[in-house]
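Going by numbering that gives the first Met the number 0, the residue at position 146 of the sequence shown is 145; the numbering climbs one at a time, nothing skipped.
What follows is a single structure, written as structure tokens, with notes after it.
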Amino acid sequence: MGAVKFLRAKIAYFCPSFSQLNMLRFFLLSAFVGCSITVMSQSAAPTPDSLPWLRDSFSVTITAARMATPLQRLPFAVHVLDQQWIQRAQAQRSLGEALVAIPGVYAWNTDNYSQDLRISVRGFGARSAFGVRGIRVFTDGIPDTSPDGQTDLDNLDMGAVDKIEALRGTAAGLYGNAAGGVLWIQTEQPTERYVSAQWAAGAFGFQRWQVKAALPKGRSGLFVSVSQMALDGYRAQSRTRQTIANVKWQYRFSEKTKSTLLLNYGASPYALDPGGLTDEQRATDPRQARTASVQFNTGERVQQGRLGYTLQHTLNERHQFAATAFVTTRDFDNRLPFQSGGWVDLTRYFGGGTLTHTYTRARFRLQTGVDAGVQHDQRARYDNLSGQRGNLTFDQSERFAGVGAFALTEVFLTQKISATAALRADVVRLKAIDQFNPTAPTGSSSVFRRANPTVGIRYALRPNWMMYTNAGTHFETPTLNELSANPEETSGFNATLKPQQSAHVEAGTRLTPNARFQWELAVFHIALRNELVPYQLPATPGRTYFRNAGTSRRTGVETAVRYHFLRHWTVLGQYNYGDFRYKNYEASGVRYDGNVLPALPLHRGLVALTWQSRRWFATAQAQMQSGVFADDANLVKDRGYALVSGRGGWEWARKKWILSPFFGANNLLGAAYSNNILINAAANRYFEPGPNVANVYGGITIKIR
Numbered sequence: 000m001g002a003v004k005f006l007r008a009k010i011a012y013f014c015p016s017f018s019q020l021n022m023l024r025f026f027l028l029s030a031f032v033g034c035s036i037t038v039m040s041q042s043a044a045p046t047p048d049s050l051p052w053l054r055d056s057f058s059v060t061i062t063a064a065r066m067a068t069p070l071q072r073l074p075f076a077v078h079v080l081d082q083q084w085i086q087r088a089q090a091q092r093s094l095g096e097a098l099v100a101i102p103g104v105y106a107w108n109t110d111n112y113s114q115d116l117r118i119s120v121r122g123f124g125a126r127s128a129f130g131v132r133g134i135r136v137f138t139d140g141i142p143d144t145s146p147d148g149q150t151d152l153d154n155l156d157m158g159a160v161d162k163i164e165a166l167r168g169t170a171a172g173l174y175g176n177a178a179g180g181v182l183w184i185q186t187e188q189p190t191e192r193y194v195s196a197q198w199a200a201g202a203f204g205f206q207r208w209q210v211k212a213a214l215p216k217g218r219s220g221l222f223v224s225v226s227q228m229a230l231d232g233y234r235a236q237s238r239t240r241q242t243i244a245n246v247k248w249q250y251r252f253s254e255k256t257k258s259t260l261l262l263n264y265g266a267s268p269y270a271l272d273p274g275g276l277t278d279e280q281r282a283t284d285p286r287q288a289r290t291a292s293v294q295f296n297t298g299e300r301v302q303q304g305r306l307g308y309t310l311q312h313t314l315n316e317r318h319q320f321a322a323t324a325f326v327t328t329r330d331f332d333n334r335l336p337f338q339s340g341g342w343v344d345l346t347r348y349f350g351g352g353t354l355t356h357t358y359t360r361a362r363f364r365l366q367t368g369v370d371a372g373v374q375h376d377q378r379a380r381y382d383n384l385s386g387q388r389g390n391l392t393f394d395q396s397e398r399f400a401g402v403g404a405f406a407l408t409e410v411f412l413t414q415k416i417s418a419t420a421a422l423r424a425d426v427v428r429l430k431a432i433d434q435f436n437p438t439a440p441t442g443s444s445s446v447f448r449r450a451n452p453t454v455g456i457r458y459a460l461r462p463n464w465m466m467y468t469n470a471g472t473h474f475e476t477p478t479l480n481e482l483s484a485n486p487e488e489t490s491g492f493n494a495t496l497k498p499q500q501s502a503h504v505e506a507g508t509r510l511t512p513n514a515r516f517q518w519e520l521a522v523f524h525i526a527l528r529n530e531l532v533p534y535q536l537p538a539t540p541g542r543t544y545f546r547n548a549g550t551s552r553r554t555g556v557e558t559a560v561r562y563h564f565l566r567h568w569t570v571l572g573q574y575n576y577g578d579f580r581y582k583n584y585e586a587s588g589v590r591y592d593g594n595v596l597p598a599l600p601l602h603r604g605l606v607a608l609t610w611q612s613r614r615w616f617a618t619a620q621a622q623m624q625s626g627v628f629a630d631d632a633n634l635v636k637d638r639g640y641a642l643v644s645g646r647g648g649w650e651w652a653r654k655k656w657i658l659s660p661f662f663g664a665n666n667l668l669g670a671a672y673s674n675n676i677l678i679n680a681a682a683n684r685y686f687e688p689g690p691n692v693a694n695v696y697g698g699i700t701i702k703i704r
């Protein structure tokens, strides 16, 4: 009892309001007590092969840190999600379904496909008006993130994803600009021959089908997937439809040389936007759309295609070379809820490449390389005449180019201690050219030069228990979209915006005493300068502008546990505590010193319990979050909530085929919650309500081997 009282006292010290979340307190106590019990019972643990879902926990290799490294050797906070968690009995509507299991990673806006998924890692990316900002996302080694730091996930098919690695924390020493975290996504590998088809349907007009195939043969392997989803949506003015196709062709020239060709295409002919509501409006009718959203038929249309190629060659045991090249095109229309300039037409091209050389010795590894990327945005704005395109009001060509050289090394100092260090130098150039007003100046341009170091130390207490610490710096330029949103309503970039810079320190531990148990803990502190903050103006509600805060800081604790017990049962949990505050910030004559950053909860966690037999499986989970502020002044606060959901199914296998019906139900208790917070929104329209009723889905998968 003394140990329990001690833990409760420590939790109360770090989390004064923690009593409001009793389920999270129970989870934390269970995780620490379970750690002690499991360490004492190692001799009774099964082998990894007896638990297929844990088979890779002892030998999993992480690629998100650039040099492929075993997880237990990395001095960084990294979390891995496998295919079973990502795909099995999930609706596969968005990446947010899977990310709830990762501490420190948070996804807003899982239901509004017009604004896209908004992901934050330790607060980086939380400012985004739409899509992902400030986080590097890769699929099969090809960047989904444009050089200026913006990621749109319209073309990600969750039914084709095999593995997700999340590198939590700033990684500018590895990836340069806008690397507040890294999501490394790997699609299925064509190692086993099969063809499968899946169909699913559910509440709010949800329908989805997918066909995929893996065809290995000799030196080559082909993986193909095609899917389509349609959704009416919980709220009015929120219908969407999207189609995604993927092709992965792997070819091995020899035992030392292999290549991968990647093709991806995504199209959404419509994704409507219901807009934000005031607190009074959502209380009256959370399913309504904003009146102006209906009047101006707000929403988007998008087509995106990507071509990528990777080549790897091993010269000998000491030298390995790798090259990557890619190009992405994006054609995008967006209708906003106002007339003047309320129709945005954007054509984007970006591409680039990477060259690396890795040198390996018995106690030393060194990787050197260079990244280069270019981006061209052709941005036009027209009047939005009640959903019809009117006269041209703005026409601007925007360019972003960057090159970065880096060196990354891992050194074994002793048998138990290793050090990892990285240094990267980047040069970034931005330029805007006004093509609408011939009498305007030729344009505006900026050049930024930054060098960012990262260093980490790992100490192996035991082969299955390690501790680590790391420190580094980070920088993030505003994206072209953020720079072009000029509150002066003139051409060129917003000249007042500056790059965001930060320095961080982190310490953590990972424990895997046996095949039954995994536990991780990380503590971090980040000091920031010129944090990019979103806001809106009453004249153009729906268009988001940005400004710099003076200084701010972020302090947090993250932990996750997975424990297999009583043969058929597995419990998975994660919890993070994040205290993110402005230190020195003034805007329009108002000071916000000491205020909490909007849209970032102090407490957040998940507990999931899975039962699995030879054929049947079922998972029940509770996702919990404390309240968040919606504005910099901390005058408006959205309440916390707990979402309880479940899913399950069974598999009927025969010699050549597998039949797998599945089902799921979300928000079983009908909790009222916000699916998205519009930070510093005009006219108090901060809230986009999520479904406050239980909603179900189901489907079936047929696989032929």
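Virtual Cβ for every residue (Gly too), placed ideally from N, Cα, C.
Note that the coordinates shown come from a computational prediction; the quantities given were computed from them, not determined experimentally.
Original post:
Which value, in whole angstroms, describes the spacing of the CA atoms of Ala177 and Lys497?
Top reply: 13 Å
**OP:** Can you say whether Phe13 is buried or exposed, counting buried as having 16 or more other CB atoms within 10 angstroms of its CB?
**Re:** With a pLDDT of only 32 at Phe13, under the threshold of 50, the placement of this residue in the model should not be trusted; the figure read from the coordinates follows. If you draw a 10 Å sphere on the C-beta of Phe13, you find fewer than 16 other C-beta atoms in it, and that means exposed.
Subject >> Arg364 beta carbon less than 8 Å from that of Glu708 >> reply: Lying outside 0 to 704, the shown extent of the chain, residue 708 is not represented and no answer is given.
**OP:** Leaving aside the five residues before and after Tyr381 along the sequence, list all residues of the same chain whose C-beta is less than 6 Å from its C-beta, in chain order.
**Re:** Trp342, Arg388, Gly389, Leu391
**OP:** Starting from Gln188, trace the beta strand (DSSP E) both ways and give me its first and last residue.
**Re:** Here Gln188 belongs to no beta strand (DSSP E), and DSSP marks it neither H nor E.
Subject >> Collapsed DSSP secondary structure at Ala484 in the structure displayed >> reply: coil
**OP:** Look at the alpha carbon of Pro45 and the alpha carbon of Arg515, and state the distance between them as a whole number of angstroms.
**Re:** Low confidence applies to Pro45: its pLDDT is 34, below 50, so where it sits in the model is not reliable, and the reading given next is rough at best. Near 7 Å, if we compare the C-alpha coordinates of Arg515 and Pro45.
Original post:
With 16 as the cutoff for other CB atoms within 10 Å, does His356 come out buried or exposed?
Top reply: Label assigned to His356: exposed.
Subject >> Gly148 versus Leu482, Leu306, Thr419, residue with shortest Cα-Cα distance >> reply: Sorting Leu482, Leu306, Thr419 by C-alpha distance to the C-alpha of Gly148 places Leu482 at the top.
**OP:** Drop a sphere of 10 angstroms on the beta-carbon of Val369, count the other beta-carbons inside from all chains shown, and report buried for 16 or more, exposed for fewer.
**Re:** exposed
Subject >> 7 Å CB neighbourhood of Ala652 in its chain, flanking five on each side removed >> reply: none
Subject >> Those residues which DSSP pairs with Glu409 across a bridge >> reply: Arg364, Thr419
Subject >> Nearest-angstrom Cα separation, counted from Leu261 out to Val223 >> reply: If I take the Cα positions, the gap works out to 10 Å.
Original post:
Which term fits Tyr696, buried or exposed, when burial requires 16 or more other beta carbons within 10 angstroms of its beta carbon?
Top reply: buried
Original post:
At which residues does the beta strand (DSSP E) containing Arg446 begin and terminate?
Top reply: With the sequence shown as reference, residue 446 is identified as Val, and Arg is not the correct amino acid for it. Start and end: 443-461.
Original post:
Between the Cα of Ala459 and the Cα atoms of Asn485, Arg509, Val560, Glu488, which residue gives the shortest distance?
Top reply: Arg509
Subject >> According to DSSP, residues forming a beta bridge with Phe205 >> reply: Gly201
Original post:
Would you report the Cα separation of Ala90 and Lys415, rounded to the nearest angstrom?
Top reply: 44 Å
**OP:** Note the first and the last residue of the continuous beta strand (DSSP E) segment covering Arg300.
**Re:** Note, Arg300: beta strand (DSSP E), 298-313.
Original post:
If you run the structure through DSSP and keep just helix, strand and coil, what is Gln254?
Top reply: Correcting the residue type first, residue 254 is Glu in the shown sequence and not Gln. Looking at Glu254 - three-state DSSP - the assignment turns out to be coil, as it is neither helix nor strand.
Subject >> Buried or exposed by the 16-neighbour rule on C-beta atoms within 10 Å, applied to His567 >> reply: Exposed: under 16 other Cβ atoms inside 10 Å.
**OP:** Spell out a yes or no on whether the region 102-110 and the region 570-577 are touching, meaning 3 or more CB-CB pairs, one atom from each, closer than 8 Å.
**Re:** yes
Subject >> Contiguous beta strand (DSSP E) assignments of at least 3 residues, all confined to the region 620-700 >> reply: 640-649, 656-665, 673-676, 686-688
Subject >> Cβ pair count under 8 Å reaching 3, the region 241-258 against the region 624-643 >> reply: no
Original post:
Whose C-alpha, out of Lys655, Arg684, Leu335, is nearest the C-alpha of Glu191?
Top reply: Lys655
Original post:
Just the Cα atoms here: how many angstroms apart are Asn21 and Ala670?
Top reply: Per-residue confidence for Asn21 stands at a pLDDT of 39, beneath the threshold of 50, marking its modelled position as unreliable; the derived number appears in the next sentence. About 17 Å.
Subject >> Cβ neighbour criterion (16 or more within 10 Å) applied to Pro146 >> reply: So Pro146 counts as buried.
Original post:
Span of the beta strand (DSSP E) holding Gln86?
Top reply: No beta strand (DSSP E) contains Gln86, which is instead part of the alpha helix (DSSP H) from 82-86.
Original post:
Touch check for the region 314-330 and the region 346-355: three-plus C-beta pairs under 8 Å?
Top reply: yes
Original post:
Where does Thr169 land, buried or exposed, given buried means 16+ other C-beta within 10 angstroms?
Top reply: Per the 10 Å Cβ criterion, buried.
Original post:
Does the separation of the CB atoms of Arg423 and Phe405 fall below 8 Å?
Top reply: Going by C-beta atoms, Arg423 is nearer than 8 Å to Phe405.
Subject >> Anticipated Cβ contact below 8 Å, Pro189 with Gly220, distance rounded >> reply: 3 Å
Original post:
Is Tyr233 helix, strand or coil when you go by DSSP?
Top reply: The three-state reading of DSSP puts Tyr233 in coil, since its state is none of H, G, I, E or B.
**OP:** Can you give me the start and stop residues for the alpha helix (DSSP H) that Gly274 sits inside?
**Re:** Run containing Gly274: none; DSSP gives neither H nor E here.
Subject >> Residue closest to Thr259, alpha-carbon to alpha-carbon, out of Tyr308, Thr472, Leu412 >> reply: Residue Tyr308 holds the alpha-carbon nearest to the alpha-carbon of Thr259 among Tyr308, Thr472, Leu412.
**OP:** State the DSSP-derived secondary structure class of Arg546, mapped to helix, strand or coil.
**Re:** strand
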